[in-house]
Amino acid sequence: MKKVHIFLFLFLSVNLTFSQNFTEILGRPTNTSITMNILFDQQVDVFWEYGTTSGVYSNSTTTLVANANVPLETDFINLQTDTKYYYRTRYRTNGSSSAFLAGTEHSFHTPRPAGSAFSFAIEADPHLDTNSNPAAYTLTLQNIFSKTPDFMLDLGDIFMSEKLPVPMQIQSEITNRHTLFRPYFNEVCHSVPLYLVIGNHEGELGWLLNGTANSMPVMASNTRKLYYPNPYPNSFYTGDTTNQPFIGLRENYYAYEWGNVLIVALDPFWYTLVKGDWGWTLGTTQYSWFKSVLETSQAKFKFVFCHNLLGGKGSDARGGAEYVDFFEMGGKNADSTWGFTAYRPNFQKTIHQLMVDNHVQIFFHGHDHLYDKQDKDGMVYQEVPQPSNRNITNTQAVNYGYLSGVIIPGRGYLLVSVTDSSAKVDYFKTFLPNEVTTGHSNGELAYSYTITAPATNIAEINEASAKFSIEQNYPNPFKSETTIKYKVSTANNIQLSVYDMFGREIKTLVNQYQAVGNYAISLNASELSLKTGIYYYKITLGNYSKSMKMICIE
């Protein structure tokens, strides 16, 4: 009898341990799908059940084989937009005939329509190095999860591959740095989709490329893609369409709209071949894409995310608003003379001016491990605090060039709460139990401010609508043909053109004087050599214009 009890105890212990040895990361949600990336420590058969009611799963994936210590990705498909879903992971030992075990039920929310209320979280520079506190980072992530945001952005300096000593800059060590973060992100990202913004310490650095598959930037990019799903261009996201040697699509810079918010994530590191000053750059392709995204979006709120400034203080691009006027960011040389025309002949505007002209409200950046809210030319430059900082009292603000704004030391994260008319940015601090004795409490609100939606110029809109109106193309998405309908209310010269996602004109469909009336233009995808992707059509009448997005599917 004693042996039976021992056997049962061991059996239950093994199954309990087995049931906990996996991490789940959600990423790249769209209106109809979301990607699951799971990592087991042993080979299993696995599938997922999901539905719109807790405990009731009307959909399931096919059963797949997950190999030990190798990430497996699959998509939950046929989802509805603006819907909360519940899911659980079902798994058993590979080849076993035993019943599938059930993981913990989690949930997620698909993208919201314009006007919806929602929130999202932002963190930056978790590092997990000698200057980080792992317990504090875990607590920060738990604090984020308690707020139930729709998604979370991390502004980079996560995996720290670039900081590895040269003898350790090999694939196994790069893999170790990426797997290190799986249990941490698992605190929140089983239910809160993760968006990564590339940092300087990820190792994906243009100046380290050497044309081989085993260079640091290539290994770091491929490893990140393997363990963490990030957006690539499709019907929901725009972004980098370049297939890089040894990598393919890098899933590095991207844009999407969620509710009333345009989210734009930038990556200067792959395209910077020499550090410092004018060396820091988005590159021509990314710049053109960025310009097109800002100019064509009709979102009420436009937020841009980048690990650091395009230039900044010193070769490491430190600082905030005090350094916006320089280099690619603002156009001046270090001596304050104008250098943009000479150094960026193919760029129409500086990064800062491009954002100001297109009504970007906040530029979120990390890199400097502190909180500072700074205002410049009608927009906010927001330095995001570190979630894992070992020191909660000091700040290197002055050393990094921060001389103005709301500067607050400590650790924590930002929560952005969006409504139809406003976006509130809260800084929540993280305090470990032994730090609460200082009179603070974990999760306390340290600072808050609100951005209001831009006032609509009704008179101008009424005047424009009195001259013309244009409809969404139909069908959309389309394969071979689609029709664009518009109405001319005041006879005038009309121009209707099609552009790619980078703002490059593909063809002018109409450019002539047109009388009052209703018009329809058929667009043939093959005649315009359109591939699968996002395109824009723009109608112009005098000083008035309007752009709309359309999607082609081959």
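Residue numbers for the sequence shown follow our numbering, beginning at 381 and rising by one. No residue lacks a Cβ here, since even glycine has one placed at the ideal position from N, Cα and C. If you're wondering where the values come from, they're calculated on a predicted model, not measured in any experiment.
Item                                                                                                                                                                              : Value
Distance, Cα to Cα, F707 vs G691?                                                                                                                                                 : 5 Å
Quick one: give me the first and last residue of the alpha helix (DSSP H) that N891 is part of.                                                                                   : Taken as a continuous stretch (DSSP letters only), N891 belongs to no alpha helix (DSSP H), being part of the beta strand (DSSP E) at E885 to Q894.
Whose CA, out of N439, T473, F565 and T870, lies closest to the CA of F420?                                                                                                       : T473
Please name the residue in L629, L642, I931 and I457 whose C-alpha comes closest to that of A494.                                                                                 : L642
If I measure Cβ to Cβ from E840 and keep anything under 7 Å in the same chain, skipping five residues before and after, which residues do I get?                                  : In this predicted model, E840 has a pLDDT of only 45, less than 50, meaning its place in the structure is not dependable; the value taken from the coordinates is given anyway. Here the set comprises nothing.
Between the C-alpha atoms of D530 and K464, what's the straight-line distance to the nearest angstrom?                                                                            : 10 Å
Quick one: give me the first and last residue of the alpha helix (DSSP H) that H732 is part of.                                                                                   : I731 to D737
Quick one: grab the DSSP three-state call for S849.                                                                                                                               : strand
What is the rounded straight-line gap between the Cα of V394 and the Cα of D425?                                                                                                  : Because the pLDDT at V394 is just 35, under 50, the model does not fix this residue reliably, and the point stays unresolved.
Say whether chain C places a C-beta atom closer than 8 Å to the C-beta of Y915.                                                                                                   : The chain labelled as chain C is not found in the depicted structure, where only one protein chain is given.
What is the rounded straight-line gap between the Cα of N837 and the Cα of L521?                                                                                                  : Reliability of the predicted coordinates at N837 is poor, the pLDDT of 48 falling under 50, and no value is obtained from them.
In the DSSP assignment, find the unbroken alpha helix (DSSP H) run with W650 in it and report its ends.                                                                           : Looking at the DSSP string, W650 is not in any alpha helix (DSSP H), and its letter there is neither H nor E.
If we ignore side chains and look at the alpha-carbon of each, how far apart do D647 and A895 end up?                                                                             : 46 Å
Which value, in whole angstroms, describes the spacing of the CA atoms of E429 and F848?                                                                                          : 49 Å
Can you give me the Cβ contacts of P813 inside the same chain, cut-off strictly under 7 Å, excluding the 5 residues immediately before and after it?                              : none
Going by beta carbon distance, what residues of the same chain come within less than 6 Å of G579, once the five residues before and after it are set aside?                       : G536, D537 and H687
Which residues bound the beta strand (DSSP E) around V572?                                                                                                                        : Here V572 belongs to no beta strand (DSSP E), and DSSP marks it neither H nor E.
Just mark Y617 as buried or exposed, buried being the case when its beta carbon has 16 or more other beta carbons within 10 Å.                                                    : buried
Which stretch, first to last residue, makes up the alpha helix (DSSP H) that contains G663?                                                                                       : G663 to T676
For H745, list the residues DSSP reports as bridge partners.                                                                                                                      : C686 and E763
Is E702 near G781, with beta carbons less than 8 Å apart?                                                                                                                         : yes
Measure from the alpha carbon of K671 to the alpha carbon of each residue in M735, E637 and A593, then state which is nearest.                                                    : M735
Only counting the same chain, and skipping five residues up and downstream in sequence, which positions put a Cβ closer than 6 Å to that of M358?                                 : Examination of residue 358 is not possible in this model, given that the chain is present from 381 through 934 alone.
Could you check which residue in K809, T818 and S869 has the C-alpha nearest to that of S828?                                                                                     : K809
I need the straight-line Cα distance from D806 to K527, nearest angstrom please.                                                                                                  : 12 Å
Can you name, in chain order, every residue of its own chain whose Cβ lies under 6 Å from the Cβ of S927, other than the five neighbours on each side?                            : T676, Y916 and K918
Given a cut-off of 8 Å, decide if V764 and E503 are closer than it, judged by their beta-carbon atoms.                                                                            : yes
According to DSSP, W638 sits in a beta bridge with which residue or residues?                                                                                                     : V641
Kindly list the residues whose CB is nearer than 6 Å to the CB of L876, restricted to its own chain and excluding five residues on each side of it in sequence; keep chain order. : L889, V890 and I919
If you follow the beta strand (DSSP E) that V568 is in, where does it begin and where does it stop?                                                                               : V568 -> no beta strand (DSSP E), and no H or E assigned at all.
Which partner residues of A803 appear in the DSSP bridge assignment?                                                                                                              : V798 and I831
Give me the Cα-Cα distance between I886 and K911, rounded to the nearest whole angstrom.                                                                                          : 12 Å
For A600 versus S541, is the C-beta distance shorter than 8 Å?                                                                                                                    : yes
On the three-pair Cβ rule with 8 Å, is the segment 428-443 touching the segment 584-602?                                                                                          : no
Whole angstroms are fine: how far does the CA of I787 sit from the CA of G922?                                                                                                    : 46 Å
Let me confirm a value: K859 is counted as buried when at least 16 other C-beta atoms fall within 10 Å, else exposed. Which label applies?                                        : exposed
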